[in-house]
Amino acid sequence: MDSKERQTQNRLIYKLLLEKPYSRNEIENITGIRINVICWRIHDLLKQSRVAVYKLAKCSITGELVEYLTADTALFPEDNQKGLFD
């Protein structure tokens, strides 16, 4: 996979997560991108602080407790570490 395809996938996932929070399985279902690739793309976006875990909830596909992710900064969890060492 080339970097152009990786960037395209990152953009697609990011835009989707701007709409509303989704689980990784839901992202796979919507985009058709395989789950293992989605996990890598989410890893990249988390490292860049472009997405965050919004909540833990039952996945609409698997029924398992999973992370719901968002790219909407208004939904990012509050950083409780701010000012810890001030």
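No gaps in the numbering here: position 21 of the sequence shown is 23 in our numbering, and each next residue is one more.
Glycine included, each C-beta is placed from N, C-alpha and C at the ideal position.
Please read these numbers as outputs of a predicted model, since none were measured by experiment.
Measure the alpha-carbon distance for residue i versus residue j and round it to whole angstroms.
i, j, result
"Ser-25", "Gly-65", "11 Å"
"Lys-49", "Asn-27", "20 Å"
"Glu-7", "Ser-51", "20 Å"
"Arg-36", "Trp-42", "10 Å"
"Leu-67", "Ile-29", "16 Å"
"Ala-54", "Phe-78", "6 Å"
"Thr-10", "Asp-46", "13 Å"
Since residue i and residue j should fall inside the 8 Å C-beta cutoff, what is the C-beta to C-beta distance between them, to a whole number of angstroms?
i, j, result
"Ala-73", "Leu-19", "4 Å"
Leaving out five residues on either side along the sequence, give the residues of the same chain with a beta carbon under 6 Å from the beta carbon of residue i.
i, result
"Lys-57", "Tyr-70"
May I ask which residues mark the beginning and end of the alpha helix (DSSP H) holding residue i?
i, result
"Val-92", "Nothing about residue 92 can be read from this structure; the chain reaches only from 3 to 88."
"Tyr-16", "5-21"
Restricting to Cα atoms, I'd like to know which of the options is closest to residue i.
i, options, result
"Ile-63", "Asp-4, Lys-17 and Ile-32", "Ile-32"
"Cys-61", "Asp-4, Lys-17, Tyr-16 and Pro-23", "Pro-23"
Short of 8 Å in beta carbon distance, which residues of its chain neighbour residue i, apart from the five on each side in sequence? Order them along the chain.
i, result
"Tyr-16", "Leu-47, Arg-52, Val-53 and Ala-73"
For the ligand PLP, any of its heavy atoms closer than 7 Å to the Cβ of residue i?
i, result
"Leu-77", "Among the components of this structure there are no ligands whatsoever, and the ligand PLP is therefore not found."
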